[in-house]
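Accompanying notes for the structure given below.
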Amino acid sequence: MSACLMAGAAMLTLAAGNGFTLEWTHSVERQAWRETWVVTPQHRLKLTEAAVKGSGAGMEPGPGGHFEEGWWVWSPDLPAIAALSLAASGATPSAWRLCAARCIDLGAAPGQPVGVTAMPCPGAG
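If you want it as structure tokens, here you go:
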């Protein structure tokens, strides 16, 4: 299975098997945050791992979190979702960095708002 990025009428297939990572810099604490997502057999997105470089307002590691290679890492126990909406004001210190077979930055220009949805590709599987 694959995952897609839908942005308006454009669709980008992420050709890295069934998963991707999403990384950004927290807008208040200025610390890196990373999530690992997979596409389930039911064509949904499942968050399998989250990691933060530091802690602070809104950045506390989840239950079972452990320190690994400079990151607090844990596996969130959340249900799979149909789509993941990414939004930014353009005032955040970094773009969204989405990596699969390759990495792309979304909303990288200063003041550039981004409204992107990641979802399983129609008919993937």
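Read left to right, the sequence shown gives residues -15 to -1, 1 to 110 (mature numbering (1 follows the signal peptide of the UniProt record, and there is no 0)).
Don't be surprised by glycine CBs; every beta carbon is placed ideally from N, CA and C.
Helix, strand or coil: how does DSSP classify residue i here?
i	result
G55	coil
P26	coil
P105	strand
K38	coil
L32	strand
L63	coil
Is residue i near the ligand COA, in the sense that its beta carbon is under 7 angstroms from a heavy atom of that ligand?
i	result
T33	Ligands are entirely absent from the displayed structure, and the ligand COA is therefore not among its contents.
Buried or exposed for residue i, please, with buried defined as at least 16 other CB atoms from any protein chain shown within 10 angstroms of its CB.
i	result
A85	buried
H11	buried
A35	buried
G49	exposed
L91	buried
In terms of alpha-carbon separation, which member of the options lies closest to residue i?
i	options	result
R29	G100, A72, W57 and G4	G4
E54	G39, T6, P64 and P105	G39
L60	T33, T(-3), Q27 and R15	Note that residue 60 corresponds to Ser in the displayed sequence, not to Leu. The shortest C-alpha separation from S60 is found at T33.
D62	K31, P78, V24 and P26	K31
Quick one, are the C-beta atoms of residue i and residue j less than 8 angstroms apart?
i	j	result
L69	A103	yes
V37	W22	no
R82	E8	yes
A72	G47	no
C106	T6	no
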